[in-house]
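Residues in the sequence shown are numbered from 34 upward in steps of one, following my numbering. The beta-carbon is built from N, C-alpha and C at its ideal position, and this holds for glycine as well. Predicted model only: the values in this text are computed from it and were never measured. Just below is one structure, and these are the notes that go with it.
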Amino acid sequence: MTDQTQQKSVRAIPKFLMSRYFKFEFIAGALLTGILTLLVLSSGVIYPDGGAKVDLLARLTPPFLSSEHPLGTDPLGRDILERIIHGGRVSLLVGVLSAIGSVVLGTVIGLFAGYYRGFLDTFVMRFADVQLALPFILMAITVIAIVGPGIDRIIILMIVSQWVQYARLVRSSVLSLREREFVQAARSYGLPDVKIIFSHILPNAMGPLIILLTLNVANNILLESSLTFLGLGADPQTPSWGGMLSEGRSYIQTAWWVTVFPGVAIMLTVLGLNLLGDWLRDELDPLGQTR
34 MTDQTQQKSV
44 RAIPKFLMSR
54 YFKFEFIAGA
64 LLTGILTLLV
74 LSSGVIYPDG
84 GAKVDLLARL
94 TPPFLSSEHP
104 LGTDPLGRDI
114 LERIIHGGRV
124 SLLVGVLSAI
134 GSVVLGTVIG
144 LFAGYYRGFL
154 DTFVMRFADV
164 QLALPFILMA
174 ITVIAIVGPG
184 IDRIIILMIV
194 SQWVQYARLV
204 RSSVLSLRER
214 EFVQAARSYG
224 LPDVKIIFSH
234 ILPNAMGPLI
244 ILLTLNVANN
254 ILLESSLTFL
264 GLGADPQTPS
274 WGGMLSEGRS
284 YIQTAWWVTV
294 FPGVAIMLTV
304 LGLNLLGDWL
314 RDELDPLGQT
324 R
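Quick look at the structure:
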């Protein structure tokens with residue numbers, strides 16, 4: 034290898050490491066989210082009993098003292114690490130499904146409202162204004178008090194309350210995109226409105242949607258944990274991060290690990306998703322990059 038080739042290869046390494054895929058937000062967010070997701074998805078293989086094994090002789094074992102219970106045990110002798118990994122199933126399921134449902138419903142409504150405008154646009158936007166004025170927690174407490182708690186009900190509630198964000202975002206993008214030259218050209222070719230909306234307008238409005246979707250998954254994980262903490266979410270028999278926080282609050286002074294480690298799991302998951310959302314914003318909106 035010649036000296037000139039060696040110099041080029043040496044210069045190429047730091048340039049590659051400084052590329053957009055090696056930003057701190059991407060690396061940290063991908064590692065946190067990827068590791069936690071992998072652990073949660075493989076929880077059935079790692080811990081087949083589902084975190085329900087009770088060992089009263091080992092109750093409230095402190096962390097880092099036993100290889101069998103590296104993060105300690107709860108008041109019933111159940112392993113904290115095992116329950117955290119299994120509890121992530123509920124949080125990730127609620128966060129992902131509710132965000133996907135919201136983005137699908139809100140995007141379809143926003144596309145048609147922004148494209149056709151008129152009465153449909155006015156009605157949707159006024160309805161959205163009314164719904165945005167309703168606090169989610171208050172609405173969730175009211176509905177769950179009537180129909181009862183459950184993961185499926187929480188997911189439906191989140192979809193109903195959050196589609197508005199996507200509808201308003203998509204509608205504002207469509208209002209500008211519908212007057213662009215490529216849309217006018219598609220109309221002149223006689224393409225149907227549905228094809229124009231989904232083949233020409235939607236792809237150009239996907240950037241902000243992806244960013245909001247990522248951030249909403251993190252937000253929905255926090256909401257699910259809050260509702261479960263209040264007794265309005267997952268079944269108490271099912272391991273969940275919010276339920277673990279609720280069960281351990283009585284032991285916060287004598288067994289801090291019962292609440293601290295589930296809280297750390299929530300914090301790391303939300304942090305990883307927010308870092309990925311920040312990275313996506315920089316990539317999809319270069320003019321708004323953070324410094």
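Quick check on DSSP: helix, strand or coil for residue i?
i, result
"Thr292", "helix"
"Asp112", "strand"
"Gln217", "helix"
"Tyr222", "coil"
"Gln198", "helix"
"Val207", "helix"
"Leu126", "helix"
"Pro236", "helix"
"Gln164", "helix"
"Asp311", "helix"
"Tyr149", "helix"
"Asp154", "helix"
"Tyr284", "helix"
"Val87", "coil"
"Asp185", "helix"
"Glu212", "coil"
How close, in whole Å, do the beta carbons of residue i and residue j come, if the pair is a contact with beta carbons under 8 Å?
i, j, result
"Leu235", "Thr66", "Not a contact, Cβ separation roughly 26 Å."
"Pro272", "Gly128", "About 16 Å; that fails the 8 Å criterion."
"Val207", "Ala238", "7 Å"
"Ile192", "Ser131", "6 Å"
"Ser194", "Gln164", "7 Å"
"Ser258", "Gly240", "At roughly 29 Å, the Cβ-Cβ gap does not stay under 8 Å, so Ser258 and Gly240 are not in contact."
"Val176", "Leu190", "6 Å"
"Ile174", "Leu265", "6 Å"
"Trp290", "Pro103", "No, Trp290 and Pro103 are not in contact; Cβ-Cβ is about 11 Å, not under 8 Å."
"Leu245", "Gln198", "6 Å"
Along the chain, where does the alpha helix (DSSP H) containing residue i start, and where does it finish?
i, result
"Phe231", "Element bounds for Phe231: n/a, residue is neither H nor E."
"Ile174", "Phe169 to Val180"
"Thr70", "Phe57 to Leu74"
"Val250", "Met239 to Phe262"
"Phe97", "Segment: none, Phe97 is in no alpha helix (DSSP H) and carries neither H nor E."
"Tyr270", "Looking at the sequence shown, residue 270 is not Tyr but Gln. Gln270 -> no alpha helix (DSSP H), and no H or E assigned at all."
"Ser279", "Trp274 to Gly281"
On the DSSP bridge assignment, give the partners of residue i in chain order.
i, result
"Thr106", "Asp112"
Using beta carbons (cut-off 7 Å, strictly below), is residue i in contact with chain C?
i, result
"Ser131", "The structure shown contains no chain C, having only a single protein chain."
Measuring from the CB of residue i, is there a heavy atom of the ligand ZN at a distance below 6 Å?
i, result
"Ser99", "This structure lacks the ligand ZN, and indeed carries no ligand of any kind."
(request) Determine, using beta-carbon pairs with one atom in the region 277–286 and one in the region 101–117, whether at least three such pairs fall under 8 Å. (result) The count of Cβ pairs closer than 8 Å, one atom from the region 277–286 and one from the region 101–117, reaches three, so the stretches are in contact.
(request) Take every Cβ of the region 77–85, pair it with every Cβ of the region 113–133, and state whether three or more of those distances are shorter than 8 Å. (result) Taking a cut-off of 8 Å for Cβ pairs, the region 77–85 and the region 113–133 touch, as three or more such pairs fall below it.
(request) Check whether the region 143–155 touches the region 292–306, taking contact to mean three or more Cβ pairs, one atom from each stretch, closer than 8 Å. (result) By the criterion of at least three beta-carbon pairs nearer than 8 Å, the region 143–155 is not in contact with the region 292–306.
(request) Could you say if the region 307–316 and the region 57–65 meet the contact criterion of at least three C-beta pairs nearer than 8 Å? (result) Contact between the region 307–316 and the region 57–65 is present: three or more C-beta pairs spanning the two stretches fall below 8 Å.
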